[in-house]
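Trainee: Residue numbers (our numbering), protein chains in the order written: chain A, 871 to 1118; chain B, 16 to 257. This is the structure, below, for whatever I ask next.
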Amino acid sequence: MIQISNITKAFNGKEVLKGITAEFKKGETNLIIGGSGTGKSVLLKCMIGLVTPDKGSVLYNDRDFYNGDKETQQSIRREMGVLFQGGALFDSKTVEENVRFPLDMLTDQSMQEKQERVNFCLQRVGLDAAAKRMPSEISGGMKKRVGIARAIVMNPKYLFCDEPNSGLDPLTSVKIDELIKEITQEYEITTIIITHDMNSVMEIGQNIMFLYQGAKLWEGVNSNIIKTDVPELKEFLFSNKLLREMEP
Amino acid sequence: MSVIGKYFIFLGTLFSKGEKLSVYWRRLMEECVGIGVSSIFIVAIVSTFIGAVSCIQTAYNLVSPIIPISTVALIVRDMEILELAPTITCIVLAGKVGSNIASELGTMRITEQIDALEVMGINSSSYLVLPKVIAAMLTFPMLVIFAAFLGITGGYLAGTLTGVITQRDYLYGIRDSFVPYNIFFMCVKPFVFGFLIATISSFKGFFTEGGALEVGKSSTGAVTNSCISVLIADYLLAQLLL
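Laid out in structure tokens, this is it:
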């Protein structure tokens, strides 16, 4: 479980996160939704340590990420898997080497052990046939799946996905969403997904948080989101004219 | 001043919390090939022609009955060893290697590859930059020795083929009044310049923010700043060591 408390962050005097407090449950897909520029990615970066919040705390199973010692921070980092928006694959390495990279860097496993794990992860995301290809030779959807394989290769307890289906066609998006949900439940991971894709919200949103102008305006599950009374969330959900006409 | 402070803090991070030695060894070998071996061709072309031009122009300016013609070779040798091979080669390398380092790291930054390393708990600056710095400090002196040899050879070819100087005079000239210390001086320069070019270019690339336009700016800034720092260091080394 991840608990964030009163996370506040400002850039050049402009407050982009306004005291956000939330709890993300284990074995569930926790979604952070909101329009562009509402602070979703900054919040994610605060949680994974790429941006240090001005105030607040982030607890990973009661271990404080920012106020603990360096060793605690390092051990938490090794329990994280992150899927970046563009995949963030290393251009000079093959798909297989990309997935093996965390094992090469952070473990003392033998080559055979590492290879077995890599093969398993690539199989899990359905990319075992593309192991020897370079990132430039695969599609956007495949890059995301390689990113997922690399994120899970170390058996993470926490999985963070930054807009996992941005730039993908609807069918591939659904497949990526389903894969993330399956992996989350299979390995009992605490998964946090940043998205503004409504398909994802309805498909895999077990625990949803809505951000608006850096503040948390709504929290709940996907079955309740349609019935919301929050005007900003309604505007976000029914931004499409056709959907507005179908609004309950 | 804040940029200089940030640069020194960045240098400090290269040596803090390193990874496994085997990882660095593999990375170092990759970088030695990328920085050193891939620069041999351009260094060979530039140094050979500079040596050839130096010989022809020196001979053109030394038309005097009281100066022996072998002095042309002596001047070419000393120019190559003291200045042309180390400084001009490193200016060329600042352009080739510096822009390459800055654009590589800049692209890694904007495509979140550096973020991916940091999230894994890897010291990204140490992992990515330290092997580049060591590779530059190791391969630049080798390239400069190679450049000096080719420069002097280029002078020989140009001088003898055009009839400006005889083979005998040239070979006598390059051995006349030879100071072995100059070779040491020639090797110290690229060692220092390699450090400056690799660290400045890495610094510019590592802190790139934005998109493709900013990567281009970082690359240009890396080359400009590297060249300026090489010229300043060249002057300081000459003052200190000669």
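For every residue, glycine included, the Cβ atom is placed at its ideal position computed from N, Cα and C. As the structure is a prediction and not an experimental result, all values here were calculated from the model.
1) Against chain B, with Cβ distances strictly below 9 Å, would A880/A count as a contact?
2) Find the nearest neighbour of G956/A within the set I1046/A, K1027/A, K1014/A and K895/A, judged by alpha-carbon distance.
3) Per DSSP, what kind of secondary structure is Q985/A in: helix, strand or coil?
4) Measuring CA to CA, which of K1104/A, I1059/A, E967/A and E1105/A is closest to N900/A?
5) Can you name the start and end residues of the alpha helix (DSSP H) that I903/A belongs to?
6) Taking the beta strand (DSSP E) that Q873/A falls in, what are its first and last residues?
7) May I ask you to report which of helix, strand or coil DSSP gives T1060/A?
8) What is the C-beta distance between G951/A and L1029/A, in whole angstroms, given that I count them as a contact (C-beta under 8 Å)?
9) Return the chain-ordered list of same chain residues with a C-beta closer than 6 Å to the C-beta of K1027/A, the five sequence neighbours on each side being excluded.
10) From the beta carbon of D934/A, is the nearest beta carbon of chain B less than 9 Å away?
11) Roughly how many angstroms separate the alpha carbons of G188/B and L89/B, rounded to a whole number?
12) Taking the CB atoms as reference points, tell me whether I50/B and T154/B lie closer together than 9 Å.
13) May I have a chain-ordered list of the beta strand (DSSP E) segments no shorter than 3 residues that lie completely inside the stretch 1042–1104 of chain A?
14) Output needed in chain order: residues of the stretch 120–132 of chain B with a Cβ under 7 Å from some Cβ in chain C.
15) What separation, rounded to the nearest whole angstrom, lies between the Cα atoms of T1065/A and G1037/A?
16) Following the continuous alpha helix (DSSP H) through Y1028/A, name the residue where it begins and the one where it ends.
17) By how many angstroms is the C-alpha of D184/B removed from the C-alpha of Q72/B?
18) Among I874/A, L976/A, F954/A and K896/A, which one has its Cα closest to the Cα of L887/A?
19) Under the rule that 16 or more other beta-carbon atoms within 10 Å means buried, what is E1052/A, buried or exposed?
20) Would Y142/B pass as an interface residue toward chain A - the criterion being a Cβ-Cβ separation below 9 Å?
21) Would you mind telling me which residues of chain A sit closer than 8 Å to V38/B, beta carbon to beta carbon, in chain order?
22) Tell whether a beta-carbon distance below 9 Å holds between T223/B and R124/B.
23) What is the C-beta distance between I198/B and V245/B, in whole angstroms, given that I count them as a contact (C-beta under 8 Å)?
24) For the alpha helix (DSSP H) that I116/B lies in, which residues bound it at each end?
25) So, using beta-carbon positions, are T104/B and P195/B closer together than 9 Å?
26) What span of residues does the beta strand (DSSP E) with Y930/A cover, start to end?
27) Locate the beta strand (DSSP E) running through L97/B, then write down its first and last residues.
28) Taking just the CA atoms, how far does D932/A sit from L1081/A?
29) Please return the same chain residues whose Cβ sits closer than 7 Å to the Cβ of S241/B, not counting the five positions on each side in sequence.
30) Suppose the cutoff is 6 Å on Cβ atoms and the five residues either side in sequence are ignored; what does the same chain contact list for I1018/A look like?
31) Taking Cβ-Cβ distances below 8 Å as the criterion, which residues of the stretch 944–966 of chain A are in contact with chain B?
32) Between C70/B and V91/B, which are expected to be in contact by the criterion C-beta below 8 Å, what is the C-beta distance as a whole number of angstroms?
33) Looking at the C-beta of I137/B, does it have a partner C-beta in chain A at a distance below 9 Å?
34) Need the endpoints of the beta strand (DSSP E) that V952/A sits in, please.
35) So for E966/A, helix, strand or coil by DSSP?
36) Could you tell me if the beta carbon of A1021/A falls within a distance shorter than 8 Å of some heavy atom in the ligand ZN?
Mentor: Answer, in terms of the structure:
1) Mapped onto the first sequence, residue 880/A falls at position 10. Answer no: the Cβ-Cβ gap between A880/A and chain B never drops below 9 Å.
2) Taking the first residue of the first sequence as position 1, residue 956/A is located at position 86. Ranking the options by Cα distance to G956/A, first place goes to K1014/A.
3) Sequence index remark: in the first sequence, residue 985/A carries index 115 (1-based). In this structure, Q985/A counts as helix in the three-state DSSP scheme.
4) Counting from 1 along the first sequence, the entry for residue 900/A is found at position 30. When only C-alpha atoms are compared, the closest one is I1059/A.
5) On the first sequence, position 33 is the one that residue 903/A refers to. I903/A -> not in any alpha helix (DSSP H); beta strand (DSSP E) instead, spanning T899 to I903.
6) Position 3 of the first sequence, counted from the first residue, corresponds to residue 873/A. Per DSSP, Q873/A belongs to the beta strand (DSSP E) from I872 to F881.
7) Here residue 1060/A is taken as the residue at index 190 of the first sequence, counted from 1. Note: T1060/A maps to strand in three-state DSSP.
8) Start at 1 with the first residue of the first sequence, and residue 951/A comes out as number 81. Start at 1 with the first residue of the first sequence, and residue 1029/A comes out as number 159. Right, their Cβ atoms sit about 5 Å apart.
9) Residue mapping note: residue 1027/A aligns to position 157 of the first sequence, counting from 1. Around K1027/A: E949.
10) For the purposes of this step, residue 934/A is identified with residue 64 of the first sequence, where counting begins at 1. D934/A does not count as touching chain B.
11) The sequence position of residue 188/B within the second sequence is 173, counting from 1. The sequence position of residue 89/B within the second sequence is 74, counting from 1. Going from the Cα of G188/B to the Cα of L89/B covers about 5 Å.
12) In the second sequence, residue 50/B corresponds to position 35, counting from 1. In the second sequence, residue 154/B corresponds to position 139, counting from 1. In contact: I50/B and T154/B (Cβ atoms closer than 9 Å).
13) 1060–1065, 1077–1082 and 1085–1090
14) Among the protein chains in the structure shown, which are A and B, there is no chain C.
15) For the purposes of this step, residue 1065/A is taken as the residue at position 195 of the first sequence. For the purposes of this step, residue 1037/A is taken as the residue at position 167 of the first sequence. Their Cα atoms are separated by approximately 12 Å.
16) On the first sequence, position 158 is the one that residue 1028/A refers to. Y1028/A -> not in any alpha helix (DSSP H); beta strand (DSSP E) instead, spanning Y1028 to D1032.
17) Here residue 72/B refers to the residue found at position 57 of the second sequence. Here residue 184/B refers to the residue found at position 169 of the second sequence. About 17 Å.
18) The residue given as residue 887/A occupies position 17 in the first sequence. That would be I874/A, whose Cα lies nearest to the Cα of L887/A.
19) On the first sequence, position 182 is the one that residue 1052/A refers to. So E1052/A ends up on the exposed side.
20) As a position in the second sequence, residue 142/B is number 127, starting the count at 1. Chain A contact via Cβ: present.
21) One-based indexing of the second sequence puts residue 38/B at position 23. Chain A residues near V38/B: D974 and M975.
22) On the second sequence, residue 223/B is found 208 positions in, with the first residue counted as 1. On the second sequence, residue 124/B is found 109 positions in, with the first residue counted as 1. The answer is yes: Cβ separation under 9 Å.
23) Within the second sequence, the letter at position 183 stands for residue 198/B. Within the second sequence, the letter at position 230 stands for residue 245/B. Not quite, the Cβ-Cβ distance comes to about 20 Å (not below 8 Å), so this is no contact.
24) Walking along the second sequence from the start, residue 116/B turns up at place 101. Segment S114 to I125, the alpha helix (DSSP H) holding I116/B.
25) Stepping through the second sequence from its first residue, residue 104/B is reached at position 89. Stepping through the second sequence from its first residue, residue 195/B is reached at position 180. No, the pair does not count as a contact, with Cβ atoms beyond the cut-off.
26) As a first step, residue 930/A is located in the first sequence; it is residue number 60 there, counting from the start. Run containing Y930/A: K925 to Y930, per the beta strand (DSSP E) assignment.
27) Looking up residue 97/B in the second sequence gives position 82. Counting along the chain, L97/B falls outside any beta strand (DSSP E), and DSSP gives it neither H nor E.
28) Translated into the one-based positions of the first sequence, residue 1081/A becomes position 211. Translated into the one-based positions of the first sequence, residue 932/A becomes position 62. Each residue's alpha carbon lies about 24 Å from the other.
29) For the purposes of this step, residue 241/B is taken as residue 226 along the second sequence, with counting starting at 1. Here the set comprises A109, G113, L211, I212, I215 and S216.
30) Taking the first sequence and counting its residues from 1, one reaches residue 1018/A at position 148. Hits under 6 Å: L953 and V995.
31) Q944, R947, R948, M950, V952, F954, Q955, G956, A958, L959, F960 and D961
32) As a position in the second sequence, residue 70/B is number 55, starting the count at 1. As a position in the second sequence, residue 91/B is number 76, starting the count at 1. That pair is a contact at about 5 Å.
33) Along the second sequence, read from residue 1 onward, the residue named residue 137/B stands at position 122. Interface residue, yes.
34) On the first sequence, position 82 is the one that residue 952/A refers to. That run of the beta strand (DSSP E) goes M950 to L953.
35) Working through the first sequence from its first residue, we reach residue 966/A at position 96. Reduced to three states, the DSSP call for E966/A is helix.
36) Here there are no bound small molecules, and the ligand ZN is not part of this structure.
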